[in-house]
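Only one structure is covered here, and it is reproduced in the block below.
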Amino acid sequence: MSAEVPITGGIEEDAGDRASRAVAEQQATLPPAWKSLDRLLIHLTSLVLFAVGAVFTVMVTAEVVSRYVLGSSIFFVNSGARLLLVWFFLLGAGIALRHNAHVGFELLVSRMHGVRRRNVLTIAYACSLVFFLEMIWGGVYSVGPAIPQNEAGLGISVVWFVLAVPVGFLLLAYHMVVLLAVLWREPARVDAVPPASTTAS
Numbered sequence: 253m254s255a256e257v258p259i260t261g262g263i264e265e266d267a268g269d270r271a272s273r274a275v276a277e278q279q280a281t282l283p284p285a286w287k288s289l290d291r292l293l294i295h296l297t298s299l300v301l302f303a304v305g306a307v308f309t310v311m312v313t314a315e316v317v318s319r320y321v322l323g324s325s326i327f328f329v330n331s332g333a334r335l336l337l338v339w340f341f342l343l344g345a346g347i348a349l350r351h352n353a354h355v356g357f358e359l360l361v362s363r364m365h366g367v368r369r370r371n372v373l374t375i376a377y378a379c380s381l382v383f384f385l386e387m388i389w390g391g392v393y394s395v396g397p398a399i400p401q402n403e404a405g406l407g408i409s410v411v412w413f414v415l416a417v418p419v420g421f422l423l424l425a426y427h428m429v430v431l432l433a434v435l436w437r438e439p440a441r442v443d444a445v446p447p448a449s450t451t452a453s
């Protein structure tokens, strides 16, 4: 009788470590100086994301308690939560890109190997990089008109919302450059040809 092997714990562990393994494999192909800089950037971005997410959670929780328990609303929470949410998503998009967490259409790429797969991914990464650079330019262009505008709920300039766009897409562009570098530093194997089947006489 075969023994049953529990698989739940392994699946949970694999899901939890998948993102870290993906980043570690990417960094393994980078030069030492670039690897150190990349680790520092990812660590600092993760700390900022943690702080923004924690403040957002505290603010929303305080607003819910204040509104439904005390019967009053905290005037700055709505605007503050929107500001934090914008920064959270745009800063986190780069980390998600490195973790392979974005939704992608991989039906064709999954059937390719070697040089052909690398070339197709290079075109896709390059198109994404062009889009990121356009968004950086658009975000920087929008900073000037946003400076004189004020957000009524917080009493600050709207530029603090707009700045999240060029900063977030600058990080996305950097992470895409890393993925391109990783793609081309890895050895591209020639498309594998299935071996001829043999029959035993």
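Numbering of the sequence shown is given in the working numbering, commencing with residue 253 and proceeding in unit increments. All C-beta atoms, glycine included, are put in the ideal place defined by N, C-alpha and C. Bear in mind that the values here come from a model prediction, so they are computed numbers and not experimental data.
Close beta carbons around L435, own chain, < 8 angstroms, minus the five adjacent residues each side = R370, L373, T374 and Y377
What are the partner residues of E403, as DSSP defines its beta bridges?
-> I408
What do you reckon, is the C-beta of A274 under 6 angstroms from a heavy atom of the ligand SAH?
-> Absence of the ligand SAH is noted for the structure shown, with no ligands found whatsoever.
Would you give the residue range spanned by the alpha helix (DSSP H) that R437 belongs to?
-> A416 to R437
Distance, G346 Cα to V410 Cα | 23 angstroms
Pull up the CB-CB distance for L301 and L343, whole angstroms please, since I reckon it's below 8 angstroms.
-> 6 angstroms
Terminal residues of the alpha helix (DSSP H) in which M364 lies | Looking at the DSSP string, M364 is not in any alpha helix (DSSP H), and its letter there is neither H nor E.
Nearest-angstrom Cα distance between M428 and F383?
-> 11 angstroms
Please work out which residues of its chain come closer than 7 angstroms, Cβ to Cβ, to P418, disregarding the five sequence neighbours upstream and downstream, and give them in chain order.
-> I388, G391 and V392
Cutoff 8 angstroms; reference L282; Cβ partners in own chain excluding five residues on either side = D290, V430, A433, V434 and R437
Simplified DSSP state of A353, which is helix, strand or coil = coil
Quick one: what's got a C-beta closer than 7 angstroms to G405's C-beta in the same chain, skipping five residues either side?
-> F327, F328, N330 and S331
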